[in-house]
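S.K.:
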Amino acid sequence: MFFPRVEQRDGAVGAWSDVYGIGACILACMSAKPPQEATSRAREDLVPLALEILERSYSARILSVTKACLELDPRARPQGARELLQRLMAR
């Protein structure tokens with residue numbers, strides 16, 4: 008899956024890990040290619056550039072939610088499906 012290896016190795020997985028996977032799937036669907044591996048993002052994070060390129064085709068809301076889902080710090084992500092849904096539905 009797309010979970011950051013730190014979460015897999017340390018066993019600290021939860022709903023926030025699923026949220027990362029959802030964000031990775033959304034980004035893959037929007038860009039038509041797999042997202043950058045989480046482990047390489049610590050060295051050079053290309054996700055912001057990918058999201059910037061997608062600004063031409065997608066709404067600010069979906070890009071913002073995707074960015075939040077893909078935060079490397081699990082505490083900075085939506086913590087579960089309810090919070091993710093709230094962010095998607097916010098006006």
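Residue numbers for the sequence shown follow this note's numbering, so the first one is 8 and each next one is one higher.
Glycine is no exception: its CB is placed at the ideal position from the N, C-alpha and C atoms.
Does leucine 95 pass the burial test, meaning 16 or more other C-beta atoms within 10 Å, or should it be called exposed?
M.R.: exposed
S.K.: Per the contact definition of three or more C-beta pairs closer than 8 Å, is the stretch 82-91 in contact with the stretch 24-41?
M.R.: yes
S.K.: Taking DSSP as the reference, what is the three-state secondary structure of glutamate 44?
M.R.: coil
S.K.: Quick check on DSSP: helix, strand or coil for proline 85?
M.R.: coil
S.K.: Suppose you measure from the CA of leucine 70 to the CA of glutamate 51; what does that come to, to the nearest Å?
M.R.: Between the C-alpha atoms of leucine 70 and glutamate 51 there is a straight-line separation of about 20 Å.
S.K.: Please report how far the alpha carbon of valine 20 lies from the alpha carbon of serine 38, in whole angstroms.
M.R.: 26 Å
S.K.: My output table needs one value for alanine 97: the three-state DSSP class, helix, strand or coil.
M.R.: coil
S.K.: Could you check how far apart the C-beta atoms of alanine 22 and alanine 75 are, in whole angstroms? I think they sit under 8 Å.
M.R.: Contact doesn't hold; Cβ gap of about 14 Å is too wide.
S.K.: Is threonine 46 near the ligand NAP, with its Cβ less than 6 Å from a heavy atom?
M.R.: Of the ligands one can find in the structure shown there are none, so the ligand NAP has no counterpart to examine.
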